[in-house]
Structure formats: structure tokens, C-alpha cells
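Student: First, the structure itself, so that you have it in front of you.
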Amino acid sequence: MVAIPAMNENDDRVDLQQMRYVVAVAETRNFTRAAERCSVVQSSLSHRIASLERELGVQLFARSSRRVELTSAGTAFVAGARECLAAAERAAADAAAATGVVRGRLAVGVIVTTAAVDVPEVLQRYRARHPDVRVVLRSGRSDELAAAIRDGELDIAFLGLPEGERPSGVETVVLDHDAHALVVPAGHRLAGASRVTLPEIAGETFVDFVAGTPARAQSDRAFAAAGLVRDVAYEAAVVELILRLIARGLCVGLLPSAYIRPLAADHPELALVRVVDGPRRVEYLAWSRFNPSPATRAMLGVLGVTPPTAPLLRRMST
1 MVAIPAMNEN
11 DDRVDLQQMR
21 YVVAVAETRN
31 FTRAAERCSV
41 VQSSLSHRIA
51 SLERELGVQL
61 FARSSRRVEL
71 TSAGTAFVAG
81 ARECLAAAER
91 AAADAAAATG
101 VVRGRLAVGV
111 IVTTAAVDVP
121 EVLQRYRARH
131 PDVRVVLRSG
141 RSDELAAAIR
151 DGELDIAFLG
161 LPEGERPSGV
171 ETVVLDHDAH
181 ALVVPAGHRL
191 AGASRVTLPE
201 IAGETFVDFV
211 AGTPARAQSD
221 RAFAAAGLVR
231 DVAYEAAVVE
241 LILRLIARGL
251 CVGLLPSAYI
261 RPLAADHPEL
271 ALVRVVDGPR
281 RVEYLAWSRF
291 NPSPATRAML
301 GVLGVTPPTA
311 PLLRRMST
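Below, the structure written as C-alpha cells:
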């Protein structure tokens, strides 16, 4: 943290708005964009930051006509400012919750193959019940989202992990268990099969998620447990690219059946086959173990969860 010098009664004190301005410039690396984000004219934002730097006796930003970068003192200040802003936001939310009104911010994480819940529908219901909460959504890998919850960057997330693996350091409930389906081109030799086994498909050329991710681990572990080696020639981070590669006849893939089956109706160029000994995954709802915010508790209520361990319906309903 930056040491803030002592100030007399006539000095300007560091306030939350100044902290917001500094954080906005740090994140956008541009005074104009930061002013737009904060809904203030740039001259006012620049003046307040310059005033803050004078009070602190340090330079927070290195500036040129083309670049804006944090100094070492600025980096330290921003870390503390984020903590102060989060604490102030939480205090305001707690005060509002005491009157029965939920306010504040809810940061939600989601994997792209979430199937146990209809996330947009859940967010719609949440907004209808709690219109004063600002909801932000972030997609990513299950391990990254769980880490973001532990670090306080996310409040709640929808995750998917290989069967037998649980998220660590967070509260969880199981949403659903699911088996992967084999996805092949419509003209593939296995397109009409009712079922296949891993030994029967191990010789195929595969597309899968990026190595080292939880989504990839689900298939890798299944083949390793069966003592099989497969050729993953194509790696992709998004499902759309995976399906396009399969549709072109370049490869086959394994995807969670609950996620891929609804999509298959819109892709006649693809066929799905049940894999009797294939990968399995578990979908989880995860949230912070440390004092969930009123906005988080409100989302758990929308989902039918009473913290910390009440069961959740496998499928959400309106």
C-alpha cells in the first residue's frame, strides 16, 4: 500500500471518487476512456487525479502523448483502492439488505458448455426480482472461474469438471451429472451407430479443447483410464470451431451430451453417438465460502439454494 501522508483539517482527503478515477485510468490506460466510463468530463477526472498525486506526494501514472502506464506507486495504490471500493460497495449493499432491498454488484462466471441451467433465463429472473443489482457475466475455464471466486473477483459461477474432481476452496452444490457423446460428420462410418466404445474410436483423429483445461481433462482421463492413446490433431477454445472442424470431415469430437444434443437439431451435417464407457462430467454451482454478499445470497435464492449446503434441483424451473 502507498503511505498516505498526514493531512490537516484544511487538506483535501482521498475520497472514493478519486479512487474510482484512478482505477478506471489503470484499467483503460487512457484518460479519455476512463472519463467516459466514469461519466465525467476528462478535465475534471485529470484534475482530481493530479490533485490526489499532489496530496500523496507520488506520481501514480507515467504519461506521454500516446501512452499511460502505472508507476510502481500507482500499482500499489490501485491494489489498495480496489479493496477500499469493494469494501464500500459491500457496506452499501449490506445496509440496503437490512431494509429488504438488494443492491450492489454480482459477478457471475460461466463455462461455455453449461447445460444444467439456462443461464440467460436465470439472469432474467434475477433482474426481475432484484433490479437494483448490477450483474456482470464472465466466461472462462472452470479452474480459472473457481480461482476468481477464491480471489474475490467473482461471486458465483457455473462450472464443469471431470467426474471425481471437486472445485477447491469454494462452496458448491451439484447441478447435474452428464456423459459425453461422440460427435461425427453425418457421412462418417459411425454416424448411424447406436453406441460405441472408447477402443472402437481410439484410432480416429480428434478435435478437443486446449490441453491442460478441465474441459480437455474429461476426455483425456477417460482414454488414459482405458489404457488408450488417441490423436488430438486439432485444439480449439470455442465449441463453434470444434463443430465446424467436425462438419468438414476433418475429425471427430467428444462433448457433453446435455449440451450438444439441443444443438444437434440445428446441425444436420453432424451426428451424435452414445459412448458407453466415455468421459463423464459433473456440473457445479460454486460461490465464495467467505461471507457471501447479499447479491450472491439473492442469486442462490433464485436458484433454490440455501447456503451453505442445501440441495439444488438438477434442473432449474421457472
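Residue numbers (this note's numbering): 1 to 318.
Using N, Cα and C, we set each Cβ at its ideal position, and we do this for glycine too.
As the structure is a prediction and not an experimental result, all values here were calculated from the model.
(1) Rank 86, 214 and 71 by C-alpha distance to the C-alpha of residue 63 and give the top, closest one.
(2) Taking the beta strand (DSSP E) that residue 162 belongs to, which residues open and close that run?
(3) On the three-state DSSP scale, how would you describe residue 151?
(4) Identify whether residue 9 lies in helix, strand or coil by the three-state DSSP scheme.
(5) Using a 10 Å radius around the Cβ and a threshold of 16 neighbouring Cβ atoms, would you call residue 130 buried or exposed?
(6) With respect to the alpha helix (DSSP H) encompassing residue 125, which residues constitute its N-terminal and C-terminal limits?
(7) State the DSSP-derived secondary structure class of residue 172, mapped to helix, strand or coil.
(8) Considering only DSSP beta bridges, list what residue 69 is partnered with.
(9) At the level of alpha carbons, what is the spacing between residue 107 and residue 171?
(10) So is residue 169 buried or exposed if we call it buried at 16+ other beta carbons inside 10 Å?
(11) In terms of alpha-carbon separation, which member of 217, 127, 159 and 231 lies closest to residue 115?
(12) What residues are listed by DSSP as bridge partners for residue 178?
(13) Round the Cβ separation of residue 284 and residue 175 to the nearest angstrom and send it over; I've been treating them as touching at under 8 angstroms.
(14) Check for me: the alpha helix (DSSP H) holding residue 220 runs from which residue to which?
(15) Would the beta-carbon of residue 206 fall within 9 angstroms of that of residue 164?
Tutor: Taking the definition as stated:
(1) Ranking the options by Cα distance to residue 63, first place goes to 71.
(2) 156-162
(3) coil
(4) With a pLDDT of only 38 at residue 9, under the threshold of 50, the placement of this residue in the model should not be trusted, and no figure is reported.
(5) buried
(6) 119-129
(7) strand
(8) 62
(9) 16 angstroms
(10) Its Cβ having fewer than 16 others within 10 Å, residue 169 is exposed.
(11) In this structure, 159 is the residue among 217, 127, 159 and 231 with its C-alpha nearest to the C-alpha of residue 115.
(12) The bridge partners DSSP lists for residue 178 are 281.
(13) 6 angstroms
(14) 214-225
(15) no
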